[in-house]
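A.B. asks: First the structure, then my questions, so here it is.
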Amino acid sequence: TGGWPQDDHDTFVGHWRRRPKKFIDAEVLQELQSLLPHRRHEELVAHMDWLRRHEQRKEEQRQLVSQWREWRGHATAAAAAQAPPAAEEARDEAWRRQKLAVRDEAKRAEQKERLEEWRRQKEERLAGEKAQQRMDAAAHRRLQKENWQAKNATREAIEAYRTQKMAQESALSDALRPAAPRVPEQTRRRIAQRSASLADRAARERAARADAEHARALNPLK
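Just so you know, the sequence shown maps onto residues 1133 to 1354 in the working numbering.
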């Protein structure tokens, strides 16, 4: 079956053999793709190549068997014309050798077919593993990018929250700070006038004390 499940292989072979040899591969593969949608195009092409090699080997085996039978028929006719026991033994030995040769050839063809099938399956497995590795690497890069974007968004959100909180705290502090009392204009004028009056009075008192001291200095007996 070329490594395929029996159902898939039977579907493939049945449709392939119903198509005339003049059909191009692309048309047959397109029809097979609709019958086996779960199979990739590369798998269908590989199975078609395997089936052709398999059919060719079977045909070669049939030709070998046919040639052997034809040779045996000629040998039997020739031996019938000769009858001596030595000729009969030689004929039997020739038949035996020819039969072994055909069997060995068929065995080698089968071993070659199995080896090619093993290589094909190995190549498909390696190709599948490489494809899976590429998919895993792409998924890993995508996950790293998403994690970086999430962390960056979190940092930006934290920074925005801190900025907003600082602005709110600053506004609250300004609101709670007691405002400087505002002195009415009339009160400021009254305070200024009183300050000027007190300063003038202090100046007159200093002048009076200075005059008195000067007078005592001029008339020490008084």
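In this text, a Cβ means the ideal position worked out from N, Cα and C, and glycines have one as well.
It should be emphasised that the depicted structure is a prediction, and the values quoted were computed from it without experimental measurement.
Between W1148 and Q1230, what straight-line distance do the alpha-carbon atoms span, to the nearest angstrom?
C.D. replies: Your numbering for residue 1148 matches position 16 in the sequence shown. Your numbering for residue 1230 matches position 98 in the sequence shown. Going from the Cα of W1148 to the Cα of Q1230 covers about 35 Å.
A.B. asks: Determine whether the beta carbon atoms of F1361 and L1168 lie at a separation below 8 Å.
C.D. replies: With the chain running from 1133 to 1354 in the structure shown, residue 1361 is simply not present.
A.B. asks: Count the other CB atoms, across all protein chains shown, that sit within 10 Å of the CB of L1164; report buried if there are 16 or more and exposed otherwise.
C.D. replies: Counting from one through the sequence shown, the residue named residue 1164 turns up at place 32. With 16 or more other Cβ atoms within 10 Å, it is buried.
A.B. asks: Going along the chain, which residues of its own chain have a beta-carbon closer than 8 Å to the beta-carbon of E1245, five neighbours each way excluded?
C.D. replies: Locating residue 1245 in the sequence shown gives position 113, where the first residue counts as 1. Once the five neighbours on either side are set aside, the close Cβ partners of E1245 are R1185, H1186, R1189.
A.B. asks: Could you give the C-beta distance for R1251 and A1178, rounded to a whole number, given that I count them as a contact under 8 Å?
C.D. replies: Counting from 1 along the sequence shown, the entry for residue 1251 is found at position 119. Counting from 1 along the sequence shown, the entry for residue 1178 is found at position 46. Incorrect: roughly 11 Å between the Cβ atoms, too far for contact.
A.B. asks: Secondary structure at W1182, three-state DSSP: helix, strand or coil?
C.D. replies: Numbered from 1 along the sequence shown, position 50 holds the residue referred to as residue 1182. Helix.
A.B. asks: Where does G1260 land, buried or exposed, given buried means 16+ other C-beta within 10 angstroms?
C.D. replies: As a position in the sequence shown, residue 1260 is number 128, starting the count at 1. Counting Cβ neighbours within 10 Å, G1260 comes out exposed, since fewer than 16 surround it.
A.B. asks: First and last residue of the alpha helix (DSSP H) that includes W1148?
C.D. replies: Here residue 1148 refers to the residue found at position 16 of the sequence shown. Element bounds for W1148: 1138-1150.
A.B. asks: Can you give me the start and stop residues for the alpha helix (DSSP H) that T1319 sits inside?
C.D. replies: Translated into the one-based positions of the sequence shown, residue 1319 becomes position 187. Here the alpha helix (DSSP H) through T1319 covers 1317-1350.
A.B. asks: Check for me: the alpha helix (DSSP H) holding L1161 runs from which residue to which?
C.D. replies: By one-based count along the sequence shown, residue 1161 stands at place 29. Where L1161 is concerned, the enclosing alpha helix (DSSP H) stretches over 1157-1167.
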